[in-house]
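Student:
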Amino acid sequence: MQFMLLFSRQGKLRLQKWYVPLSDKERKKISRDLVQTILARKPKMCSFLEWRDLKIVYKRYASLYFCCAVEDQDNELITLEIIHRYVELLDKYFGSVCELDIIFNFEKAYFILDEFLLGGEAQETSKKNVLKAIEQADLLIGCIFFTYLLEKSCKLFIHYKTAADLLSVKQM
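The structure is reproduced here in structure tokens:
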């Protein structure tokens, strides 16, 4: 897989993951051209199209389009299955994913994609294993945040205790 794009029916890019090195200018041009091409297609048209020297596989789920570009020799149905598996993972994590979930939790959407795909290839096909890895990462982040808050509250306590001690000395 060369890249994956998620965009809205209005053509707003919501997520992009590139597995080939391209300049920002090239990425923007490709994204713009591809989004326009896909949005111009009728709903009943095939979800596969030949574009430049690539095969484009896309699928619309609610208000989001999931689009992947693969090499000419890659299987379109497997790519469609990868898109579907990613949507299933997002659904499981967010509980019926919607565009707002992607907008406000884009880092989680990227993290889920990175747990599922590595270098444009599926690294883990088991939904259970991917979701378990995400859950463990969430726990780790929660522990780190809790430790940070605990440290801050201890420092505040020491600061206020020292200030209270100073005030009591001044009053004597």
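Using full-length UniProt numbering, the letters of the sequence shown map in sequence onto residues 1 to 172.
All C-beta atoms, glycine included, are put in the ideal place defined by N, C-alpha and C.
#1: Is it right to say residue 20 is buried, meaning 16 or more other beta carbons lie within 10 angstroms of its own, or is it exposed?
#2: Which residues mark the beginning and the end of the alpha helix (DSSP H) in which residue 16 is found?
#3: Just to confirm, are residue 83 and residue 122 a CB contact at a threshold of 8 angstroms?
#4: Per DSSP, what kind of secondary structure is residue 67 in: helix, strand or coil?
#5: How would you label residue 101, buried or exposed, when you count the other beta carbons within 10 angstroms and need 16 or more for buried?
#6: Could you spell out the range, first to last residue, of the beta strand (DSSP E) harbouring residue 5?
#7: Tell me the start and end of each unbroken beta strand (DSSP E) in the region 34-110 that is at least 3 residues and wholly inside, in chain order.
#8: For residue 66, count neighbouring C-beta atoms within 10 Å of its own C-beta (all shown protein chains included) and say buried if the count is 16 or more, exposed if not.
#9: Please identify the residue among 48, 2, 40, 88 whose C-alpha is closest to the C-alpha of residue 10.
#10: Helix, strand or coil, according to DSSP, for residue 121 in the structure here?
#11: Could you check whether residue 113 and residue 17 sit closer than 8 angstroms to each other, using their CB atoms as the reference points?
#12: Apply the 10 Å Cβ neighbour rule to residue 69 and answer buried if 16 or more other Cβ atoms are within range, or exposed otherwise.
#13: Quick one: what does DSSP say residue 22 is sitting in, helix, strand or coil?
#14: What is the C-beta distance between residue 134 and residue 86, in whole angstroms, given that I count them as a contact (C-beta under 8 angstroms)?
Tutor: The relevant details are as follows:
#1: exposed
#2: Not the alpha helix (DSSP H): residue 16 falls in the beta strand (DSSP E), residues 13-18.
#3: no
#4: strand
#5: buried
#6: 3-8
#7: 48-51, 54-61, 64-70
#8: buried
#9: 40
#10: strand
#11: yes
#12: buried
#13: coil
#14: With a Cβ gap of about 13 angstroms, residue 134 and residue 86 do not count as contacting.
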